[in-house]
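Here is the structure we will look at.
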Amino acid sequence: MEKFFGENYTGEPFEIFSTAHINAISVIFFCCIMIYLFNNKLKKEKVNLYFRYSFALILIFVKIIYYIWLYVNNLWSFSEGLPLHLCEAAVILSIILLLSKSYFLYEFLYFWTICGVLSAIITPELNGYNSHHFIFYHFFISHGLVVMAIMFMTFVNGYQPRAFSILKSMLISNVYMFFVAIVNILTGGNYLFICKKPKVPSIMDFLGPWPWYIFSLELVALVGFSIAYLPFKIRLKLKKSHAKKDM
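Converting from the sequence shown to this note's numbering requires adding 792 to each position, the first position being numbered 1.
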């Protein structure tokens, strides 16, 4: 247990698309498919409540253990330990979403999840921690449950973003980035990676040097949000088409 929760890890460092990484992605994908396939059963009030609250409680538990781990290993600091990275913020907001069923939160969390959290799952920054360490499981459980929460609210509770949600999400994202930039200045942190690029390969590597990649990310976000909305746009057009035929 000491090795599992210690600051150091044992064995080979984590590698992107290793067997452990692919397995983690597969489990998350499988759970999302199950949510979609059994969405009718999950709509029942008591079942719905049970799953939403269970997801939220697991997220709370995992995050508490993570911050205890940071504290015990003397790794917490204002510059690195605040939950301000997009995925960390998404975890906290997902907990509130699951408990409150807030459509306002869903509206931009959907885009954050599809374009941000999924990207983090594909190219995770784990500082080398492999599947023999707590951090590996914390990362994929917390990120995976955020994806599952959004899929649950979409497929089970029938939530879906609107076209205007794209612009609203862009506005909220920029306001949040401005707030985080101030925190970075005050703490010397690199939250949202707006002071320097992450260590692991990411889309930022193709967007130019600092600070230009930040402006490039604005366009990438807009395109990404638009693509994420596309399935709903197509579905809406098909509904309108069928409605015209029935008239």
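The beta-carbon is built from N, C-alpha and C at its ideal position, and this holds for glycine as well. Treat the numbers as computed from the prediction; the structure is a model and nothing was measured.
Tell me which same chain residues have a C-beta within less than 8 Å of the C-beta of residue i, skipping the five on either side of it?
i     : result
V909  : L878, C879, A882, H935, V938, V939
Y1005 : K989, M996, L999
I958  : F903, L1014, F1017, S1018, Y1021
Between residue i and the rest of its own chain, which residues show a CB-CB distance below 7 Å, the 5 nearest in sequence each way excluded?
i     : result
G1000 : S1008
I927  : L918, Y921
C907  : A1013, G1016, F1017, A1020
I964  : F900
P993  : T915
T905  : A882, V938, V939, I942
N976  : N982, Y983, I986, C987
S923  : A812
F843  : L834, F944
Do residue i and residue j have their C-beta atoms closer together than 8 Å?
i    : j     : result
P990 : E917  : yes
N840 : F947  : no
F932 : W861  : no
H776 : Y863  : One cannot answer for residue 776 here, as it falls past the ends of the chain, which runs 793 to 1039.
M943 : I827  : yes
F985 : M969  : no
F847 : L897  : no
L851 : V972  : no
N949 : K1031 : no
What residues in its chain sit with their C-beta under 6 Å from that of residue i, if we drop five residues either side in the sequence?
i    : result
G913 : Correcting the residue type first, residue 913 is Ile in the shown sequence and not Gly. Cβ within range, chain order: H935.
S886 : V938, A941
Can you name the start and end residues of the alpha helix (DSSP H) that residue i belongs to?
i    : result
N866 : Counting along the chain, N866 falls outside any alpha helix (DSSP H), and DSSP gives it neither H nor E.
F821 : 811-829
F947 : Counting along the chain, F947 falls outside any alpha helix (DSSP H), and DSSP gives it neither H nor E.
C907 : No alpha helix (DSSP H) contains C907, which DSSP labels as neither H nor E.
State yes or no: is the C-beta of residue i nearer than 7 Å to some heavy atom of the ligand MG?
i    : result
E872 : Although the ligand MG was asked about, the structure shown includes no ligands whatsoever.
Measuring alpha carbon to alpha carbon, tell me which of the options ends up nearest residue i.
i    : options                 : result
G783 : F998, A941, G873, H924  : The displayed coordinates of the chain run from 793 to 1039. Any statement about residue 783 would go beyond what the structure contains.
F956 : M969, V992, S994, F1024 : F1024
Y983 : I958, E807, K838, S871  : S871
S869 : I888, E1010, V854, T979 : T979
DSSP three-state label for residue i, please.
i     : result
T915  : coil
E899  : helix
Y968  : helix
R954  : coil
P1023 : helix
F806  : coil
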